[in-house]
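Beneath this line is the structure, given in structure tokens, with notes to follow.
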Amino acid sequence: MSTTQISEEESQTIVSSPKSIILRISRSNPQTGTAKSFMEFKVPYEKWTTVLDAILEVKKHFDHSVGVRYSCRQATCGSCGMIINGKPRLACFTKIVELNSDVVTVEPMNNFPVIRDLAVNFDRMFSTHKKLKPYIVRDDSEITSKTKEFLQTPEEVEKYIQFSSCIKCGLCNSACPTMATDSSFIGPQALAQAYRYIADSRDKGKNERLKIIDEPHGIWRCHFAGSCSMVCPKGVDPAMGIQLLRGYLLGFRR
Amino acid sequence: MEKQENKEGIKGWLNPGRYGIERFAYWLMRLTGIGLLVYFIAHIYETSTILNGKAAWEKMLDLTQTTEGHIILAIVIGMCVFHTANGIRLMLGHGGIGVGKPGRPDYPYTPRSINMKNKLCIYASIGLAALAMMYGLGVMFGE
Ligand code: SF4
Ligand code: FES
């Protein structure tokens with residue numbers, strides 16, 4: 002396959018060094034039945050260039066039809082997850098230099114239906130997330146209660162704060178070996194969020210949520226491979242959340 | 677359907693190198709589980725030959741006394757020991773033991789559930805399985 006190259010004058014990247022990579026982009030479109038194939042581009046990079054920057058260079062100079070989703074460019078919106086050199090990562094949070102490779106291959110995330118090229122469909126992940134009631138469940142509210150605020154000690158906050166960093170990027174679901182064969186599995190993203198709310202001292206929805214996850218495609222399908230936590234870009238550690246959550250069902254926790 | 681979903685499928689299990697020793701242990705656990713199930717079925721068949729009389733039973737026993745039979749039994753010993761030892765680690769982990777304590781994450785966000793305790797347990801399970809296999813081979817071939 003021939004590799005397309007950006008001329009130096011055209012490049013957005015200020016070329017102070019002659020370093021460049023071959024960026025291999027997976028192209029496919031299930032709607033038109035276009036099967037997966039790779040296009041290759043030679044892209045210059047600096048030590049701050051991210052994989053997303055490189056993809057946007059390609060869009061700008063060669064092929065604006067490359068399908069990619071992104072927004073914040075700072076690991077906050079959770080839009081730009083993709084498989085980069087074999088592993089799920091955020092394109093905006095992965096610098097080319099840290100990959101230590103002259104060839105960077107980008108593919109759509111596994112275990113999600115592909116929309117086009119690098120963009121995948123999050124519908125199911127979002128609906129599963131919603132099913133687990135990702136909000137504080139209780140009868141009164143801070144507006145109606147006499148004290149006006151539901152106070153928490155710093156220790157109570159520590160119990161769930163790391164799980165509230167989830168940006169719903171789906172990298173964990175893409176790395177999960179159970180999701181690789183069971184698309185009905187609730188998945189590490191939603192299970193970690195179930196723990197986040199159950200562990201919150203203000204919440205009273207524990208029993209409702211435990212009922213939802215205690216089913217054949219629920220929490221028991223997790224076998225603690227830990228891959229979700231290895232790829233999470235926000236330190237959520239879903240594997241920990243899931244095992245702690247299971248503790249409630251097994252009677253180790255209240 | 678699988679294609680549309682872009683699911684990794686079983687090749688996701690068979691490609692355990694990308695996510696560290698924990699994913700390798702996951703794969704070994706599956707493999708040894710399937711292996712032990714196959715052994716269990718074969719074992720029931722083996723012992724059921726006793727119903728066909730002494731001669732049939734002894735013929736079956738002779739099969740296990742061959743070099744191949746010894747090697748298969750040594751593999752079964754290894755699978756059994758790894759599956760048990762790693763299974764104990766997983767059972768404790770599933771109860772929330774040894775997976776770390778939640779807390780505010782700091783960059784570079786090293787996950788606390790992927791910790792040294794778990795890694796050492798996995799290495800120990802592999803080591804114990806290897807030792808048990810060597811012991812088994814020593815006993816079987818030493819006869
Ligand atoms: S748990 Fe981590 S990897 Fe999973 S969706 Fe949330 S931020 Fe992304
Ligand atoms: S563009 Fe928002 S997370 Fe990457």
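Heads up: the protein sequence lines correspond to chains A and B, in order.
Following the numbering used here from start to finish, the first sequence increments by one per residue and tops out at 255.
Following the numbering used here from start to finish, the second sequence increments by one per residue and tops out at 819.
Even glycine gets a Cβ: it sits at the ideal position worked out from N, Cα and C.
Can you give me the C-alpha to C-alpha distance between B/R699 and A/R254, rounded to a whole angstrom?
The alpha-carbon atoms of B/R699 and A/R254 are separated by roughly 27 Å.
Nearest CA to the CA of A/T51: which residue from A/C93, A/G68, A/K60?
Taking only the C-alpha atoms, the option nearest A/T51 is A/C93.
Under 8 Å: do the segment 787 to 795 of chain B and the segment 224 to 234 of chain A share three or more Cβ pairs, one atom per stretch?
Verdict: yes, contact present.
So within the segment 94 to 162 of chain A, which uninterrupted beta strand (DSSP E) runs reach at least 3 residues, ignoring any that extend past its ends?
If you keep only unbroken beta strand (DSSP E) runs of at least 3 residues inside the segment 94 to 162 of chain A, you get 104 to 108, 115 to 117.
Taking Cβ positions only, does A/Q190 come closer than 8 Å to chain B?
Chain B contact via Cβ: absent.
When DSSP labels each residue in this structure, what does A/A76 get in the three-state scheme?
Looking at A/A76 - three-state DSSP - the assignment turns out to be coil, as it is neither helix nor strand.
Considering only DSSP beta bridges, list what B/M705 is partnered with.
Answer by DSSP bridge pairing: none, since B/M705 is not bridged.
Is B/E678 helix, strand or coil by DSSP?
Reliability of the predicted coordinates at B/E678 is poor, the pLDDT of 49 falling under 50, and no value is obtained from them.
Run through the segment 166 to 204 of chain A for me and flag every whole alpha helix (DSSP H) of 4 or more residues, listed as ranges in chain order.
Listed in chain order, they are 172 to 176, 189 to 199.
By a C-beta neighbour count over all protein chains shown, 10 Å radius and 16 as the cutoff for buried, is A/R117 buried or exposed?
It is buried - the Cβ of A/R117 has at least 16 other Cβ atoms within 10 Å.
Expressed to the nearest angstrom, what Euclidean distance is found between the alpha-carbon atoms of B/F716 and B/T760?
So the alpha carbons of these two residues sit roughly 15 Å apart.
Assign B/W703 to buried or exposed, taking buried as 16 or more other Cβ atoms, counted over all protein chains shown, within 10 Å of its Cβ.
Burial call: buried.
For A/H218, which of A/V237, A/L245, A/T179 has the nearest alpha-carbon?
Minimum Cα distance to A/H218 is reached at A/T179.
Have a look at A/P239 and B/L727 and give me their C-alpha separation to the nearest angstrom.
Between the C-alpha atoms of A/P239 and B/L727 there is a straight-line separation of about 52 Å.
Does any residue of chain A have a CB that is nearer than 8 Å to the CB of B/S724?
Under the Cβ distance rule, B/S724 does not count among the residues neighbouring chain A, no pair being separated by less than 8 Å.
From which residue to which residue does the beta strand (DSSP E) around A/L24 run?
Counting along the chain, the unbroken beta strand (DSSP E) around A/L24 starts and ends at 21 to 30.
Less than 7 Å separating the Cβ of A/L172 from some heavy atom of the ligand SF4?
Checking the Cβ of A/L172 against the ligand SF4 gives yes.
For A/M126, tell me which candidate among A/Q153, A/C170, A/I84 has the shortest Cα-Cα distance.
Minimum Cα-Cα distance from A/M126 among the listed residues A/Q153, A/C170, A/I84 corresponds to A/C170.
A/S184 to B/E681, Cα distance in whole Å?
Counting only the Cα atoms, B/E681 lies some 8 Å from A/S184.
Beta strand (DSSP E) segment containing A/V44, residue limits
Going by DSSP, A/V44 is part of the beta strand (DSSP E) stretching over 35 to 45.
Let me see if you follow: with CB-CB separation under 8 Å, is A/G248 close to chain B or not?
Yes, A/G248 lies at the interface with chain B (some Cβ there is under 8 Å from its Cβ).
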